[in-house]
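Worksheet for the structure shown next.
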Amino acid sequence: MKFSLASVLALFAVPALVSAVVVPGADTPTFYLVAASSNPDANLKPLRTQGGSGGYATLSGTGSIGEFYFYHGTLTGAPRVSSSSATLLPLIGFNPMSTGCSTYGQLGFTEGSSTNKCARYSPFGIQSDSENAQLGASLTFNYAGGFYVCGSGLDVWYKVSPGDGPSGCTPITLSTVPVV
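Numbered continuously in this note's numbering, the sequence shown closes out at residue 324.
As structure tokens, then:
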């Protein structure tokens, strides 16, 4: 098999042309969060920062697809395309209860703060796949519990235990995919 010099050089040039977007001062390159799920309606869908019930995050609809990065150790969302230039802060909208706050809540993003006294803004993190770090990383919250897709609107929820909160939900993994 013969290869031309141009085709061989092109192989070396491609990696140089493909690079991730990095926000100045950010700790990580910018990434999307894409769901992996046994629910075929939710599988391989990008996370949208709004459009779910109550304005929370969803895997369906026409809300802005989120672009994220870590800035000084904090998960940050790039400004929504259709909105102001304010960056987005992630939160879990835990529900107020008579005994305090629930152990479940919707994933959301705000440009300021929430009026929900149970909302928690941290600790969000990403954790590399323990079997193969090349597969990317997954979003975590408090390094416990997990994310779920619930309802026909494919709203994204966090639950400490699978039995918490709404029923009929399917576990999802929100994996990082670089923005190039």
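The C-beta atom is built at its ideal place from N, Cα and C for all residues, glycine as well. All values derive from a computational prediction rather than experimental measurement.
Pop quiz: residue i and residue j are said to be a contact at Cβ under 8 Å. What is the actual Cβ separation, rounded to whole angstroms?
i	j	result
P322	P173	6 Å
Alpha carbon to alpha carbon, what distance is there between residue j and residue i?
i	j	result
L203	T259	24 Å
K261	A281	30 Å
E255	T206	19 Å
S246	G309	8 Å
G249	A222	22 Å
T193	G244	27 Å
G252	Y176	15 Å
T284	V324	23 Å
A164	Y213	11 Å
Y302	G196	14 Å
Given that a residue counts as buried once 16 or more other Cβ atoms are within 10 Å of its Cβ, and exposed if not, what is residue i?
i	result
L188	exposed
A179	buried
Y287	exposed
A230	exposed
A201	buried
D299	buried
At least 3 beta-carbon pairs within less than 8 Å: the stretch 306-317 vs the stretch 172-186:
yes
Using 8 Å as the Cβ pair cut-off and three pairs as the minimum, do the stretch 235-250 and the stretch 218-225 touch?
The stretch 235-250, when compared against the stretch 218-225, does not touch it at the 8 Å Cβ threshold.
Mind listing, in chain order, the continuous beta strand (DSSP E) runs of no fewer than 3 residues lying wholly within the stretch 213-267?
218-221, 233-241 and 244-254
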